[in-house]
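A short worksheet on the structure shown next.
Number of protein chains: 2
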Amino acid sequence: MSNINDVAKEAGVSITTVSRYLNNSYPVNVNTKKAIQEAINKLNYKPNAIARGLVRKKTNTVGIIVPYITNMFFPEVVRGISDQCNAKGYDIILVNSNSDGFEEKKAVENFLERQVDGIVIIAPKIEKLPPSFYRKLNKTLPLVLVNKYFNDKDIVFIYNDERDGAFKATEYLLDLGHKNILFISGSENSYSSEVKIKGFNKALKSRGLLQKKNSEDNDNILISDYTSENTFKLIKSNMEHVRKHSAIFCANDLMAIGVIKALRSEGYEVPRDFSVMGFDDISISALYEPGISTVSQNITSLGKVSGDAIIKLISKEDVVRNQVLNTSLIIRDSCSRIKE
Amino acid sequence: MSNINDVAKEAGVSITTVSRYLNNSYPVNVNTKKAIQEAINKLNYKPNAIARGLVRKKTNTVGIIVPYITNMFFPEVVRGISDQCNAKGYDIILVNSNSDGFEEKKAVENFLERQVDGIVIIAPKIEKLPPSFYRKLNKTLPLVLVNKYFNDKDIVFIYNDERDGAFKATEYLLDLGHKNILFISGSENSYSSEVKIKGFNKALKSRGLLQKKNSEDNDNILISDYTSENTFKLIKSNMEHVRKHSAIFCANDLMAIGVIKALRSEGYEVPRDFSVMGFDDISISALYEPGISTVSQNITSLGKVSGDAIIKLISKEDVVRNQVLNTSLIIRDSCSRIKE
DNA sequence: TTGAAAGCGCTAACAA
DNA sequence: TTGTTAGCGCTTTCAA
Numbered sequence: 001m002s003n004i005n006d007v008a009k010e011a012g013v014s015i016t017t018v019s020r021y022l023n024n025s026y027p028v029n030v031n032t033k034k035a036i037q038e039a040i041n042k043l044n045y046k047p048n049a050i051a052r053g054l055v056r057k058k059t060n061t062v063g064i065i066v067p068y069i070t071n072m073f074f075p076e077v078v079r080g081i082s083d084q085c086n087a088k089g090y091d092i093i094l095v096n097s098n099s100d101g102f103e104e105k106k107a108v109e110n111f112l113e114r115q116v117d118g119i120v121i122i123a124p125k126i127e128k129l130p131p132s133f134y135r136k137l138n139k140t141l142p143l144v145l146v147n148k149y150f151n152d153k154d155i156v157f158i159y160n161d162e163r164d165g166a167f168k169a170t171e172y173l174l175d176l177g178h179k180n181i182l183f184i185s186g187s188e189n190s191y192s193s194e195v196k197i198k199g200f201n202k203a204l205k206s207r208g209l210l211q212k213k214n215s216e217d218n219d220n221i222l223i224s225d226y227t228s229e230n231t232f233k234l235i236k237s238n239m240e241h242v243r244k245h246s247a248i249f250c251a252n253d254l255m256a257i258g259v260i261k262a263l264r265s266e267g268y269e270v271p272r273d274f275s276v277m278g279f280d281d282i283s284i285s286a287l288y289e290p291g292i293s294t295v296s297q298n299i300t301s302l303g304k305v306s307g308d309a310i311i312k313l314i315s316k317e318d319v320v321r322n323q324v325l326n327t328s329l330i331i332r333d334s335c336s337r338i339k340e
Numbered sequence: 001m002s003n004i005n006d007v008a009k010e011a012g013v014s015i016t017t018v019s020r021y022l023n024n025s026y027p028v029n030v031n032t033k034k035a036i037q038e039a040i041n042k043l044n045y046k047p048n049a050i051a052r053g054l055v056r057k058k059t060n061t062v063g064i065i066v067p068y069i070t071n072m073f074f075p076e077v078v079r080g081i082s083d084q085c086n087a088k089g090y091d092i093i094l095v096n097s098n099s100d101g102f103e104e105k106k107a108v109e110n111f112l113e114r115q116v117d118g119i120v121i122i123a124p125k126i127e128k129l130p131p132s133f134y135r136k137l138n139k140t141l142p143l144v145l146v147n148k149y150f151n152d153k154d155i156v157f158i159y160n161d162e163r164d165g166a167f168k169a170t171e172y173l174l175d176l177g178h179k180n181i182l183f184i185s186g187s188e189n190s191y192s193s194e195v196k197i198k199g200f201n202k203a204l205k206s207r208g209l210l211q212k213k214n215s216e217d218n219d220n221i222l223i224s225d226y227t228s229e230n231t232f233k234l235i236k237s238n239m240e241h242v243r244k245h246s247a248i249f250c251a252n253d254l255m256a257i258g259v260i261k262a263l264r265s266e267g268y269e270v271p272r273d274f275s276v277m278g279f280d281d282i283s284i285s286a287l288y289e290p291g292i293s294t295v296s297q298n299i300t301s302l303g304k305v306s307g308d309a310i311i312k313l314i315s316k317e318d319v320v321r322n323q324v325l326n327t328s329l330i331i332r333d334s335c336s337r338i339k340e
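Protein chains in written order, with the UniProt record's numbering: chain A, 1 to 340; chain B, 1 to 340.
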């Protein structure tokens, strides 16, 4: 591997001039330019980004932390961020946290050592890591938090309006005449399930349908785990309870598929006997039969906007602190008007 | 941000001693250790990996190039590589090439400038970039090529035996009594489709069923584009031709779903009227109804083995040059014995 | 338009 | 067990 010295020697100039030519930072004589370029070609020289990063105190790198890269939702977001960053000359260091707060913290510290210019955390573990962690980090370097939110006016948050998505989906079901809607949550106390339940309840309340009880014995909510398999089992073993409802609203599409399969295995048809609504609009939902009505999370623009934001923060441009993206209802074939 | 000088001053020792403590490279007095650690804590010091990389000529980074991060197959591979690398203290720089040879080349050059310790290319564009490109790269630094192969005894290749997978799938169809099998290819002249067609033809030949023709008018092969939508259309507009066959073997699962949907919309049922076989075993295939019989590519171990290989290459350990992983037949419900 | 030299933060050879 | 010093490959003042 040749370095800038070799090039300078070969071209018969000083390394300063080579550097200037490389970076276009000062005028260089045309003939000198030619000589340098020839030397570069001859030696197959490539500037060392590490050395450059050391002196410039800028690595043109952004760190991304993702909970599960295998989760369909996230690669799409990573892709959006990565596209924006690459276009501006930044590279991506990607770390998979397994949705573990400790791993996330380790990744952040590693990023700091690596002198990344900015950090994007997708679905940060705000249930595990205290707000102070993120606040302090946000003071240290450009930071963007994606798809979660807590109250802080200095941090840049970019997320989908899941609450409104759940609200719209519930309204749609209500408009179809369903009065007893069962909600299948994906986890007990996560940010995402709480937000969706809020939207769900808001819609019920607006029609005077919200039962006034403490949340403990909410009997129109069942808790599953975001997987198709376990939701299948959950429905099968709670059929008696399920039968009291005419529509089932699931916190993600995978669970909606589990529900449909369970219902079928009990001899029911969707949407004939039950309406089933999903959330996320993963690619399966369009391919499945029946096509699953769901809430689209606008994943692509989530990534694009996040990538845009981190680049702007790094460039010290203004960025809106709190960007909430619209979700939209995707109507396919898994819901129908209630039979009287 | 404090540096090693600040720590040394604070602890009242030289920077060498701090460095030794940090790297555990030489014995340091217990009290000195304590003083240094206190200084580190007080100043919240983190070693600068860039500076360290410059002098050590090692960045603990591996570059990964992936054609489409949104393609379901690839995140799984990336995950495997990333797990292995992280466990050994390496970070991942990820670049999405859009399966474009030029982008891939740019990414490689960028990696070289960034002084990565090794490069893993998933599905390298060997149809566009000449073998010489990879051979030269392989002489420059540790390189692993995943899921493609060309004849070179110095490069480390890790790939699934797609040929054998296609062979086994075809044999299975043959064993069910199907004599007229239609193959849906995903592209015209790609490595992957050629390899699968070879396996397909080998099975036919072994039963004396291979038509002796030039490949131009192979009338048991239809060319699609790996998407569900276009395969749907292709089947619809070629129904007359399709009807001459009793089984359809698709080069990926998405196309299998497109085929099933098209068949349904023509009033047929799968597997009653046609048997349909996929390839890849993406997660939809288990959830779809009917469950799609397919060839599993062993994606997880593809990533794991690749990650392992690049680390070993970097550590100058021995690595098998040519690792082919077994594919396996996953039998679900989309194929049945032919009706007489 | 060009060059000499300092220095980015760190490691490692050499010396003590 | 510790410190001095050179230098990794580059950018950037300062001076010419």
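Built from N, CA and C at the ideal position, the CB exists for glycine as well.
Following the DSSP letters along the chain, one finds Val295 (chain A) in no alpha helix (DSSP H) but inside the beta strand (DSSP E) bounded by residues 294-296. Between the beta-carbon of Asn147 (chain A) and that of Leu302 (chain A) there is about 7 angstroms, and that keeps the pair under the 8 angstroms contact cut. Within chain B, Asn48, Ile50, Ala51, Gly53, Leu54 have C-beta atoms less than 9 angstroms from the C-beta of Leu54 (chain A), given in sequence order. Taking a cut-off of 8 angstroms for Cβ pairs, the stretch 309-328 of chain A and the stretch 286-301 of chain A touch, as three or more such pairs fall below it. Around the beta carbon of Asn31 (chain B), a 10 Å sphere encloses fewer than 16 other beta carbons of the protein chains shown; the residue is thus reported as exposed.
Within the stretch 79-104 of chain A, those residues whose Cβ lies closer than 8 angstroms to any Cβ of chain B are, in chain order, Arg79, Ser82, Asp83, Asn86, Asp91, Ile92, Ile93, Leu94, Val95, Asn96. Contiguous alpha helix (DSSP H) elements confined to the stretch 283-340 of chain B occur at 283-287, 299-314, taking only those with 4 or more residues. At least one beta carbon of chain A lies nearer than 7 angstroms to the beta carbon of Gln115 (chain B). Annotation note: the stretch 152-230 of chain B contains the following uninterrupted beta strand (DSSP E) runs of length 3 or greater, listed N- to C-terminal: 156-160, 181-185, 221-223. Its Cα nearest to that of Tyr172 (chain A), the residue A:Arg207 stands out among A:Lys42, A:Arg207, A:Asn189. Counting only the Cα atoms, Asn48 (chain B) lies some 10 angstroms from Leu54 (chain B).
Taking a contact to require three or more Cβ pairs closer than 8 angstroms, the stretch 142-156 of chain A and the stretch 118-133 of chain A qualify as touching. In the displayed model, Thr61 (chain B) falls within a strand according to three-state DSSP. Against chain B, the CB of Ser228 (chain A) has a partner CB under 7 angstroms away; the residue lies at that interface.
Residues of the stretch 278-301 of chain B whose Cβ lies closer than 8 angstroms to any Cβ of chain A, in chain order: Ser283, Ile284, Leu287, Tyr288, Glu289. Contact note: Glu76 (chain A) reaches chain B through Thr70, using a C-beta cutoff of 8 angstroms and chain order. Considering only beta carbons, the part of the stretch 255-278 of chain B lying closer than 7 angstroms to chain A consists of Ile257, in chain order. Residue pairing from DSSP places Ser275 (chain A) in a beta bridge opposite A:Ala247. Non-local beta-carbon contacts of Ser246 (chain B) in its own chain, meaning distances under 6 angstroms to residues more than five positions away in sequence, involve His178, Asn180, Ile338 in chain order.
Identification of chain B residues near Thr59 (chain A) by a Cβ-Cβ cut-off of 7 angstroms yields Ile50, ordered along the chain.
Nearest C-alpha to Pro130 (chain B) among B:Glu104, B:Glu113, B:Asn110: B:Glu104.
In the DSSP secondary-structure assignment, Val95 (chain A) is bridged to A:Ile65. In the three-state reduction of the DSSP assignment, Gly118 (chain B) falls in the strand class. By the neighbour-count criterion, in which 16 or more other beta carbons inside 10 Å mark a residue as buried, Val320 (chain A) falls on the exposed side. In this structure, the straight-line span from the alpha carbon of Ser2 (chain A) to that of Arg52 (chain A) is close to 15 angstroms. Val18 (chain B) sits in a helix when the DSSP states are folded into three classes. Beta-bridge partners assigned by DSSP to Val30 (chain B): none are found.
Proximity to Asn60 (chain B) across B:Thr17, B:Phe111, B:Ala203 peaks at B:Phe111, based on C-alpha coordinates. In this structure, the alpha-carbon of Ser132 (chain B) lies about 45 angstroms from that of Asp333 (chain B). Only those residues of the stretch 186-214 of chain B whose C-beta falls short of 9 angstroms from the nearest C-beta of chain A would be listed, and there are none. The stretch 69-77 of chain B makes contact with the stretch 277-294 of chain B, as at least three CB pairs between them are under 8 angstroms. DSSP, read as helix, strand or coil, puts Asp83 (chain B) in helix.
Looking at the DSSP output, Leu143 (chain B) sits in a beta bridge with B:Ile119. DSSP places Asp280 (chain A) within a strand segment (E or B) once states are collapsed to three.
Cβ-Cβ separation between Tyr21 (chain B) and Lys33 (chain B): approximately 6 angstroms, consistent with a contact (criterion under 8 angstroms).
Cβ contact annotation for Lys125 (chain A) (same chain, cutoff 6 angstroms, sequence separation greater than five): Gly101, Glu104, in chain order.
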